[in-house]
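In the numbering used here, the protein residues as written are 2 to 66. Don't be surprised by glycine CBs; every beta carbon is placed ideally from N, CA and C.
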């Protein structure tokens, strides 16, 4: 994987993280009453994807070194 691919993947991870942090559910989580289980499952799924993408970035960086 080329350096620009790693940078592109890293930027995608950071954008995903930024979007996750801006979700209204995260800001108002204590006020959620409806669909709490669904919101938490959606958040858990997104966080797993983010962790997987971050792991890929780290692995690719180690491969380059």
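- If you draw a straight line from the Cα of residue 42 to the Cα of residue 63, it is about 32 Å long.
- The Cβ atoms of residue 10 and residue 58 lie closer than 8 Å to each other.
- Residue 56 and residue 44 have their alpha carbons spaced roughly 18 Å apart.
- In this structure, the CA atom of residue 39 is about 28 Å from the CA atom of residue 12.
- Within the model, the alpha-carbon separation for residue 48 versus residue 16 is close to 13 Å.
- Pairing residue 61 with residue 7 gives a Cβ-Cβ distance under 8 Å.
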